[in-house]
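Shown next, in structure tokens, is the structure this report addresses.
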């Protein structure tokens, strides 16, 4: 039986290899869109019959070369399908408005928004295997009334998306700030250290006008970006936190961390993120019924608050969490490390140490299992991470990302940051720098190896994403993404070549892509199907 299988396989492989080395007919490999300046191929008329001369008023009719049919764009919700996923594995970039009086001349860069990101930064990220950037970014409207479009923020986001598209990655637009909410809500505990009260703004949690403007901001944003092919989702608010800050850190501080307690007292009020996000979804759907919408819960979108998110009747919503638990382990300082992984750790802050290992993580993430089972909705993790120097960081990340794989959860780690003046000072989650807290340059390290191992599973990219129901079947023994476009799989293993094709800098490579993409895709897919058939005999 084994000899039979090998014989059949050898014959098939010989045929396929022969097909690969033969030049395909020219008429079958013409580019989809002919160059306007290129004339059609000339033909020689028979000498016995002189060609007719067209009249001076009639232009000769040119027959355009045949074009290849274009696949339909894919349904972006398929990217978030947990049954066939994960399909998106990536990283966050973080940016905010620059305040020269606080930041100085270089720390955040010199632009209106910083820290800066360059095209090379995104090329490098893509070369590591990443196919998804979560853009943690200021909202398009001003933070203070009159709430209106901030064109400089919009222009900056446009440039970011263009660079990410050029690197052939998807993007999720996540708004950190907007009407009645400033960036300083995330660092309010530092009030008085490096900024004063005038920078605080959490009025969105008590100001109806600000909430109306937040709804209007997202309606405008969705309408503006709805046709952008790389935008895989809209994240409505990064880490809602009314449970802590209230409407003002100094004068309306709630500091409630028990979801039951919070919703029993403030459910249905302006403090309740559930009522605001539902309004935003209604507004977005009125202008864009297609782009996925990402929603995290209150409590900074921690997993404990996920069960308290009120699920809406909209099949384009992806619910998500930010996963940094246990913080007692993940955010240890270099000179004060009391937990290791795996090992004992006081994860509940009750003075009792528990075993922290893969089983602990599995139990924590079971909250997602219960939520998806109950509501039949997808869940993603679009922030997670661990300080690079904590004991066992690589093993911790390996277990966590492995669980994401098992559950089909898209994920984006925090963060991708290579602006040197910033990363020299803020780098505890920068996986490029290795476990030595004193090091601020890229070095080989185990944590990076773990992360890029999982990123290497990425196949689907904007350039290859199209509608094909067959790729989203759980029966496949390969990743569904491989079946989406085997040529993309080959390119993903050759990132430098991929960059050349994306950039269009090499005529030779462009010609190769035009002539061989369809053939190579067909051959690769055929080999896979024949192998499945042979070993099923």
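Residue numbers (the numbering used here): 4 to 540. We treat Cβ as the ideally placed atom computed from N, Cα and C, and that holds for glycine. The model shown is predicted, which means the values in this text are computed figures rather than measured ones.
Taking DSSP as the reference, what is the three-state secondary structure of residue 332?
-> helix
Who does residue 348 pair with in a DSSP beta bridge?
-> 357
Between residue 2 and the rest of its own chain, which residues show a CB-CB distance below 6 Å, the 5 nearest in sequence each way excluded?
-> Since the first residue of the chain shown is 4 and the last is 540, residue 2 is not available in this structure.
Residue from 123, 188, 193 and 154 with nearest C-alpha to residue 247 | 188
Straight-line Cα distance separating residue 276 from residue 386 = 19 Å
Residue 410 to residue 85 span [Cα, whole Å] | 7 Å
Indicate the three-state DSSP secondary structure (helix, strand or coil) for residue 110 in the structure shown.
-> coil
Cα-Cα separation between residue 521 and residue 148, rounded to whole angstroms | For residue 521, the predicted structure reports a pLDDT of 43, less than 50, and the residue's modelled location is therefore unreliable. A value from the coordinates is still provided. Looking at the two C-alpha atoms, the distance is approximately 54 Å.
Which residue comes first and which comes last in the alpha helix (DSSP H) that contains residue 288?
-> 276-290
Should residue 94 and residue 133 be called a contact, given that it needs their Cβ atoms to be closer than 8 Å?
-> yes
To the nearest angstrom, how far is it from the Cα of residue 293 to the Cα of residue 356?
-> 47 Å
First and last residue of the uninterrupted alpha helix (DSSP H) at residue 404 = 396-410
Taking DSSP as the reference, what is the three-state secondary structure of residue 159?
-> helix
Any chance the region 433-442 sits against the region 110-126, with 3 or more Cβ pairs inside 8 Å?
-> no
Does DSSP classify residue 94 as helix, strand or coil?
-> strand
Note down, in chain order, each residue of its chain lying with its Cβ closer than 6 Å to the Cβ of residue 235, except the 5 sequence neighbours on either side.
-> 79, 82, 173 and 175
Sort 447, 354, 336 and 350 by Cα distance to residue 363 and report the nearest one.
-> 350
Between the C-alpha atoms of residue 335 and residue 307, what's the straight-line distance to the nearest angstrom?
-> 21 Å
Between residue 322 and residue 374, is the Cβ-Cβ spacing less than 8 Å?
-> yes
Beta bridge counterpart(s) of residue 296 as assigned by DSSP | 237 and 320
For residue 296, which of 105, 130, 285 and 197 has the nearest alpha-carbon?
-> 285
When you compare only the Cα positions, how much space is there between residue 309 and residue 328?
-> 14 Å
Skipping 5 residues on each side, what residues in its chain have a beta carbon closer than 8 Å to that of residue 125?
-> 136, 166, 167, 169, 170 and 172
What is the C-beta distance between residue 382 and residue 400, in whole angstroms, given that I count them as a contact (C-beta under 8 Å)?
-> Going by Cβ atoms, the distance from residue 382 to residue 400 rounds to 19 Å, so no, they are not a contact pair.
Starting from the C-beta of residue 498, find all residues in its chain whose C-beta is less than 6 Å away, skip the five residues before and the five after it, and write them out in chain order.
-> Residue confidence is low: residue 498 scores 40 on pLDDT, short of 50, so the model does not pin down where it sits. Its coordinate-derived value is still stated next. Excluding positions up to five away in sequence, the list reads 130.
What residues match up with residue 181 in a beta bridge as DSSP calls it?
-> 184
Quick one: residues in its chain with C-beta nearer than 6 Å to the C-beta of residue 446, no 5 flanking neighbours on either side, listed in chain order?
-> 437
Under the three-state DSSP convention, the category residue 117 falls into = strand
Under 8 Å between the Cβ atoms of residue 90 and residue 463?
-> yes
Name, in chain order, the residues that DSSP records as bridge partners for residue 377.
-> Its beta-bridge partners do not exist; DSSP assigns none.
Would you please state the rounded distance, in angstroms, between the beta carbons of residue 302 and residue 262? I believe it to be under 8 Å.
-> 7 Å
Out of 333, 240 and 419, state which residue places its alpha-carbon closest to the alpha-carbon of residue 395.
-> 333
Have a look at 245, 225, 194 and 338 and flag the residue whose alpha-carbon is nearest the alpha-carbon of residue 205.
-> 245
Consult DSSP for residue 304 and reduce its assignment to one of helix, strand or coil.
-> helix
Express the C-alpha separation of residue 193 and residue 161 in angstroms, rounding to a whole number.
-> 32 Å
Can you name, in chain order, every residue of its own chain whose Cβ lies under 7 Å from the Cβ of residue 105, other than the five neighbours on each side?
-> 197 and 198
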